[in-house]
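A.B. asks:
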Amino acid sequence: MIRARFLGLAAALALLAVGLGVGPASAAGTATVSVLHAVPGVTVDVYANGQKLLSGFTPGSLTDPMPVPAGSYDIAIFPAGANPSTTQPAAEATGVPVPAGANATLVANLDAQGKPTLNAFANDVSPVPAGKARLTVRHVAAAPAVDVRANGTPVITGLTNPNEKTLVVAAGTVKADVVLAGTSTVAIGPADLSLAEGTTTVVYAWGSQSAGYKLAVQQLSGMSSAPSGVPAGSGGLVTDRVPALVVGVSFAGLLVAGAAGLRLATRRG
Amino acid sequence: MRLRPAVVVLAGGLVLAAGTPAIWAGSRPPTAAGPPLTSVVASNPVPPGPVPRPAAGASDPVVHPADPLPDAPMAAPVRLVVPDVGIDAPVDPVGVIPDGLLQLPDDIRRVGWYRFGPVPGQPQGSAVLAGHVDSWNQGLGALSRLRSVEPGQRIAVTDAAGQITRWQVGTRQLVVKQQLPLPDLFARSGPPRLVLLTCGGPFDERLRSYRDNLVVVAVPAP
Numbered sequence: 347m348i349r350a351r352f353l354g355l356a357a358a359l360a361l362l363a364v365g366l367g368v369g370p371a372s373a374a375g376t377a378t379v380s381v382l383h384a385v386p387g388v389t390v391d392v393y394a395n396g397q398k399l400l401s402g403f404t405p406g407s408l409t410d411p412m413p414v415p416a417g418s419y420d421i422a423i424f425p426a427g428a429n430p431s432t433t434q435p436a437a438e439a440t441g442v443p444v445p446a447g448a449n450a451t452l453v454a455n456l457d458a459q460g461k462p463t464l465n466a467f468a469n470d471v472s473p474v475p476a477g478k479a480r481l482t483v484r485h486v487a488a489a490p491a492v493d494v495r496a497n498g499t500p501v502i503t504g505l506t507n508p509n510e511k512t513l514v515v516a517a518g519t520v521k522a523d524v525v526l527a528g529t530s531t532v533a534i535g536p537a538d539l540s541l542a543e544g545t546t547t548v549v550y551a552w553g554s555q556s557a558g559y560k561l562a563v564q565q566l567s568g569m570s571s572a573p574s575g576v577p578a579g580s581g582g583l584v585t586d587r588v589p590a591l592v593v594g595v596s597f598a599g600l601l602v603a604g605a606a607g608l609r610l611a612t613r614r615g
Numbered sequence: 013m014r015l016r017p018a019v020v021v022l023a024g025g026l027v028l029a030a031g032t033p034a035i036w037a038g039s040r041p042p043t044a045a046g047p048p049l050t051s052v053v054a055s056n057p058v059p060p061g062p063v064p065r066p067a068a069g070a071s072d073p074v075v076h077p078a079d080p081l082p083d084a085p086m087a088a089p090v091r092l093v094v095p096d097v098g099i100d101a102p103v104d105p106v107g108v109i110p111d112g113l114l115q116l117p118d119d120i121r122r123v124g125w126y127r128f129g130p131v132p133g134q135p136q137g138s139a140v141l142a143g144h145v146d147s148w149n150q151g152l153g154a155l156s157r158l159r160s161v162e163p164g165q166r167i168a169v170t171d172a173a174g175q176i177t178r179w180q181v182g183t184r185q186l187v188v189k190q191q192l193p194l195p196d197l198f199a200r201s202g203p204p205r206l207v208l209l210t211c212g213g214p215f216d217e218r219l220r221s222y223r224d225n226l227v228v229v230a231v232p233a234p
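Protein chains in written order, with my numbering: chain A, 347 to 615; chain B, 13 to 234.
Structure follows, in structure tokens:
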């Protein structure tokens, strides 16, 4: 089950490498990875390549984005304090490719049937237009398909575990809730979501029926764009264009001088 | 002796021809004062893109609850004063209009603060205040006198909490609108700056628009 999941994980990261145009121009050999714990009820230690990365990592916790060397990672989560050499991991994934320049979130969560698993998601950190925010919703709960509503209006429909959908929306605060797909049966929320301008806000619907469903929020900043221009005048009252009067007076002076010069020349001759 | 009036007329005509444009040009403030814009704002040291917070080390990542984030509280600027040129204008928060251009207050006596960027006095980035130089139906705008600002002059911005930040003009430049370094002028990171924007340069009657933007960049007053 978990091994099968890993295929999805590897595919996601491979797509990430292609999608982000990762190449030599990217920060040489570094990727950015965050880790989210979305398995209810169990505190874990997270291991990367056999080394403990996080200890006592509690459900609903998120790391800051961590710069990590690009490469291949074996990820495993164990119940907190367990000896990794003698204990079965709660979930594991081997040979996860983390390409240079990638920005990803590694999520420990339940699949739709309630089994612990690991998923890697590529975070879209490309610029958004001025005044906008990017909203990504990821379904990582042991639950069927859901719709996501903003201020009561469905904005994402039919989202299933472990998939995501992304929108670019006007920046601001929205009242968000999650309902069972096609119904108005609220599963999570409503909660006030601050979609700050120039950010990617990632919302995770996580949990299970028995443990309860919750929202986790991850905000990545630095995607802002400048306005496209500053139209700040329509009157022409302070124009630098030479006024017609000035041109006219100058031209008249030239004519008068020309006439006088001509007269001088003819009188002399 | 009969030649004299003609000489006088010739001289007078030439003086008129050359003097009128010269006097007009002399009555206009120079198009620029201070160092070029590129040397002032193009040195934004932080490239665009996500800013990973420095990790304390692979063994010690920063962990926090993934709870919905509250809006960061901030005191918006409410008043802009440039005493040396007689600017004293109320300030409103503004965003962008649907085509991506900066929004400005409808009342041209008011100045807009770009609310998605830094607040004046924030430790990082450019706080942008923009106002009309004029409009076709309201006359001269709040920033019509910005053209007379000189490097070294002071600017004061008051926020909603009554706090005043003080700035010193570094440069004033007219820049053709298509050549404006917008990402640098609206930078979210880098050294703290105050950027004042309005319109200027030759006016195109057909487009009802100025060719240039007038840009004043100020740094925190010492």
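The beta carbon of each residue, even a glycine, is placed where N, CA and C say it ideally should be.
Check V90 (chain B) in the structure and name its three-state DSSP category.
C.D. replies: Here V90 (chain B) sits in strand by DSSP.
A.B. asks: D196 (chain B) lies in the alpha helix (DSSP H); which residues open and close that run?
C.D. replies: That run of the alpha helix (DSSP H) goes L194 to L197.
A.B. asks: What runs of the beta strand (DSSP E), each 3 residues or longer, lie entirely inside the region 545 to 577 of chain A?
C.D. replies: As far as the region 545 to 577 of chain A is concerned, its whole beta strand (DSSP E) runs of at least 3 residues are 545 to 554 and 558 to 567.
A.B. asks: Using 8 Å as the limit for Cβ to Cβ distance, is G396 (chain A) near chain B?
C.D. replies: Closer than 8 Å: no.
A.B. asks: For the alpha helix (DSSP H) that S51 (chain B) lies in, which residues bound it at each end?
C.D. replies: Where S51 (chain B) is concerned, the enclosing alpha helix (DSSP H) stretches over L49 to V53.
A.B. asks: Would you check if the region 223 to 234 of chain B and the region 598 to 606 of chain A touch, i.e. whether three or more CB-CB distances between them fall below 8 Å?
C.D. replies: The region 598 to 606 of chain A, when compared against the region 223 to 234 of chain B, does not touch it at the 8 Å Cβ threshold.
A.B. asks: Report yes or no: is there a C-beta of chain A within less than 8 Å of the C-beta of P57 (chain B)?
C.D. replies: Confidence at P57 (chain B) is low in this model, with a pLDDT of 49, below 50, so its placement is unreliable and the value that follows should be read with caution. By this cut-off, P57 (chain B) is not an interface position.
A.B. asks: Suppose the cutoff is 7 Å on Cβ atoms and the five residues either side in sequence are ignored; what does the same chain contact list for V525 (chain A) look like?
C.D. replies: Once the five neighbours on either side are set aside, the close Cβ partners of V525 (chain A) are V492, D493, R495, T531, V532 and A533.
A.B. asks: Evaluate the contact criterion for the region 43 to 51 of chain B versus the region 185 to 200 of chain B: three or more CB pairs, one atom per stretch, below 8 Å.
C.D. replies: Counting Cβ pairs under 8 Å, three or more are found: they touch.
A.B. asks: Measuring only between beta-carbons, confirm whether V385 (chain A) sits less than 8 Å from chain B.
C.D. replies: No, V385 (chain A) lies away from the interface with chain B (no Cβ there is under 8 Å from its Cβ).
A.B. asks: If you follow the alpha helix (DSSP H) that V19 (chain B) is in, where does it begin and where does it stop?
C.D. replies: Taken as a continuous stretch (DSSP letters only), the alpha helix (DSSP H) holding V19 (chain B) covers R16 to S39.
A.B. asks: Starting from the beta carbon of L28 (chain B), find every residue of chain A whose beta carbon is closer than 9 Å, and list them in chain order.
C.D. replies: Near L28 (chain B) (Cβ distances below 9 Å), the residues of chain A are V595, S596, A598, G599, L600, V602 and A603.
A.B. asks: Since V103 (chain B) contacts V123 (chain B) with CB under 8 Å, what's their CB separation in whole angstroms?
C.D. replies: The Cβ separation is near 5 Å, so the contact holds.
A.B. asks: Between G143 (chain B) and L152 (chain B), which are expected to be in contact by the criterion C-beta below 8 Å, what is the C-beta distance as a whole number of angstroms?
C.D. replies: In fact, because the Cβ distance is near 11 Å, the residues do not count as touching under 8 Å.
A.B. asks: Let me check understanding here. Comparing Cα to Cα, which of A:G375, A:G402, A:P508 and A:P430 lies closest to G447 (chain A)?
C.D. replies: The shortest Cα separation from G447 (chain A) among A:G375, A:G402, A:P508 and A:P430 belongs to A:G375.
A.B. asks: Assess contact between the region 392 to 403 of chain A and the region 471 to 478 of chain A, defined as three or more Cβ pairs (one per stretch) separated by less than 8 Å. Is contact present?
C.D. replies: Too few Cβ pairs lie closer than 8 Å, so no.
A.B. asks: Using a C-beta to C-beta distance shorter than 8 Å, which residues of chain B count as neighbours of S407 (chain A)?
C.D. replies: Correct list: V75, H76, P77 and A78.
A.B. asks: Relative to chain B, which residues along the region 475 to 500 of chain A have a C-beta separation below 7 Å, given in chain order?
C.D. replies: Those would be P475, A476 and G477, in chain order.
A.B. asks: Between which two residues does the beta strand (DSSP E) holding D171 (chain B) run?
C.D. replies: Start and end: R166 to D171.
A.B. asks: Hey, S418 (chain A) and G441 (chain A): beta-carbon distance below 8 Å or not?
C.D. replies: Contact flag set, yes.
A.B. asks: Between A:A428, A:A384 and A:V385, which has its C-alpha nearest K398 (chain A)'s C-alpha?
C.D. replies: Selected option, being the one with the closest Cα: A:A428.
A.B. asks: DSSP three-state call for T612 (chain A): helix, strand or coil?
C.D. replies: It is helical.
A.B. asks: Taking the alpha carbon of A426 (chain A) as the reference point, which residue from A:A416, A:A437 and A:D420 has its own alpha carbon closest?
C.D. replies: Answer by Cα proximity: A:A437.
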